[in-house]
Each structure stands twice: as structure tokens, then as C-alpha cells.
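**Q** Attaching a single structure in C-alpha cells format; questions to follow.
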Amino acid sequence: MILGICGSGRKEGNTGALIEAVLAAAGGPAEMVWLIDANIGYCTGCMRCAFEGGCWQQDGMSALYPRLIDAEAIVYGSPCYYGNVSGLFKSFMDRSIALGYMGIGKEAEIAMHGRKPLAGKPAAIVGAVAGHGIDAVLKVMEDYAGYAEMNIVGKLGAAAGMDDVRDKPDIMAAARDLGVKLARALKQ
Ligand SMILES: Cc1cc2nc3c(=O)[nH]c(=O)nc-3n(C[C@H](O)[C@H](O)[C@H](O)COP(=O)(O)O)c2cc1C
Numbered sequence: 068m069i070l071g072i073c074g075s076g077r078k079e080g081n082t083g084a085l086i087e088a089v090l091a092a093a094g095g096p097a098e099m100v101w102l103i104d105a106n107i108g109y110c111t112g113c114m115r116c117a118f119e120g121g122c123w124q125q126d127g128m129s130a131l132y133p134r135l136i137d138a139e140a141i142v143y144g145s146p147c148y149y150g151n152v153s154g155l156f157k158s159f160m161d162r163s164i165a166l167g168y169m170g171i172g173k174e175a176e177i178a179m180h181g182r183k184p185l186a187g188k189p190a191a192i193v194g195a196v197a198g199h200g201i202d203a204v205l206k207v208m209e210d211y212a213g214y215a216e217m218n219i220v221g222k223l224g225a226a227a228g229m230d231d232v233r234d235k236p237d238i239m240a241a242a243r244d245l246g247v248k249l250a251r252a253l254k255q
């Protein structure tokens, strides 16, 4: 199963359209996570996860941790907000620090940065922007997936002004290409 993680609150918006195009082109079972519906609180930076084997906060992220670990591949997507990922996507990223400590607990002798349960998993990255700022957005997401040691198969930044990206054949073709790359990585 491929998981799509959408950091836009607009379900008819461009980020969701890009992720859905990638998922469709990749083929096979896929699930979309709309972070706007996921009820994910902020990371408090307490680092209790490193000593307790998981995050103490019981919210939407609790159910998402195992889905991320079980996914065969992940498509990350965020709109560009002021030259960065959306707040929804940032909170999701921050809370995923606990992934490195899940099931470990304080007795275990682990490296400071925990485990990398997503290591090697194929990842695709998409971002939607009106005009300017997508490079930084893609870099933030790349650094995030890179820290997790995922296999980043490609990235797509889509500048569509205030238009609907579905009306941009070149961009939609690039999204489908990314899905094909993801499927290829899954077969390897
Ligand atoms: C809070 C906010 C900040 C934004 N900042 C930028 C920006 O820095 N540069 C830009 O070109 N567009 C910016 N936009 C426009 C969005 O990136 C653009 O409309 C994008 O396609 C939205 O994605 P969505 O359709 O998936 O919601 C911003 C929009 C919002 C709501």
C-alpha cells in the first residue's frame, strides 16, 4: 500500500491533485491521508519519545505511526506557504521524530537519533505553489525524507498561479511520471 500525505487543507486543491496523480500512476492499493482531518498536535520537543518508546500524545498521529511504518512507499505533498511547507505538514514532520524511538524504550542502548524505520522505503515529493518559493519547500521535504534515509525517487514542484493544476497537462504528466518511477522503485 502506498500512502499519500497531503499538507493542504483544500481537498479540491493542487497538492491533493498532484498526490492523487502520482498514486494513480503508481498503481496498486493506495491511501490518502488529509492532514487537515488528522488531528495532529504540535511536537512539544520534550523528547519523551526517546525514553518512553513513543509519543505521549494520543491524537491522530498515534494511528498514523504504524501506517507510515507499514506503507510500501510514501508520497509527501505540501503547498508552499510563505516559502515553506504548510503548518499542517510541518507538525506532521515534527511529530514523526517519535518514529525513531517506537518500541524501543528507555532500557535500550540506542544511538542518539534513534532508529530509521522508514529507511530504504521509496518516497516521492510534490509541492504546489502559485508563483515563487517552491524550491525551499521541496528542499525541506527532501531533507526530511533524507533524514529518515528513505529512497527519494523524485520530486515535483508545480507552479500553477491561481489555476487548477488539473488543467495543466505538462504538470499532470510530470506527476504521472513520478508515479511510474515510484512503481519502478517498488519492483526493485
Ligand atoms: C498562507 C499562504 C501562504 C502562501 N505563500 C505562498 C508563497 O510564498 N509563494 C507562492 O507562490 N504562493 C503562496 N501561496 C499560494 C499557494 O502556495 C498556492 O495557491 C498553492 O497552489 C496552494 O496549494 P493547494 O491548492 O494544494 O492548497 C500561499 C497560500 C497561502 C494560503
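According to the numbering used here, the sequence shown is numbered sequentially starting from 68. Think of the CB as a built atom: it goes at the ideal place given N, C-alpha and C, for glycine as much as any other residue.
Beta carbon of V196: closer than 7 Å to some heavy atom of ligand 1?
**A** Result yes, Cβ under 7 Å from ligand 1.
**Q** Determine, using beta carbons only, whether I171 and R182 come nearer to each other than 8 Å.
**A** Yes; because the gap between Cβ atoms is below 8 Å, this pair is in contact.
**Q** Could you compute how far the alpha carbon of G76 sits from the alpha carbon of D210?
**A** Looking at the two C-alpha atoms, the distance is approximately 23 Å.
**Q** If the criterion is Cβ atoms closer than 8 Å, does the pair I141 and I201 meet it?
**A** It is not a contact, given that the beta carbons lie outside the stated cut-off.
**Q** Count the other CB atoms within 10 Å of the CB of A195; is the residue buried (16 or more) or exposed (fewer)?
**A** Burial call: buried.
**Q** Applying the 10 Å Cβ sphere with the 16-neighbour rule, what's the burial state of A91?
**A** Exposed, because fewer than 16 other Cβ atoms sit within 10 Å of the Cβ of A91.
**Q** One question on the structure: do S153 and G74 come within less than 8 Å of each other, judged by their Cβ atoms?
**A** Contact flag set, yes.
**Q** May I ask whether a heavy atom of ligand 1 can be found less than 7 Å away from the beta carbon of S75?
**A** Correct: S75 has its Cβ closer than 7 Å to ligand 1.
**Q** CB of T111 to nearest heavy atom of ligand 3: below 7 Å?
**A** No copy of ligand 3 occurs in the structure displayed; its ligands are ligand 1 alone.
**Q** On the criterion of 16 or more Cβ atoms from any shown chain inside 10 Å, does F159 qualify as buried, or is it exposed?
**A** Buried: at least 16 other Cβ atoms inside 10 Å.
**Q** Quick check for students: name the residue ranges of the beta strand (DSSP E) that lie wholly in the stretch 107-160, counting only runs of 3 or more.
**A** Entirely contained in the stretch 107-160, the beta strand (DSSP E) runs reaching 3 residues are, in chain order, 140-146.
**Q** Assuming K254 is part of the alpha helix (DSSP H), what are its boundary residues?
**A** Where K254 is concerned, the enclosing alpha helix (DSSP H) stretches over P236 to K254.
**Q** Check whether the Cβ atoms of V232 and N81 lie closer than 8 Å to each other.
**A** Yes. Within cutoff.
**Q** Is it true that the CB of S145 sits closer than 8 Å to the CB of V100?
**A** No; because the gap between Cβ atoms is not below 8 Å, this pair is not in contact.
**Q** So is the beta-carbon of C147 under 7 Å away from any non-hydrogen atom of ligand 1?
**A** Under cutoff, so the answer is yes.
**Q** Excluding sequence positions up to five away, which residues of its chain have a Cβ less than 6 Å from the Cβ of P184?
**A** Cβ neighbours of P184 beyond the five flanking positions: I136 and L166.
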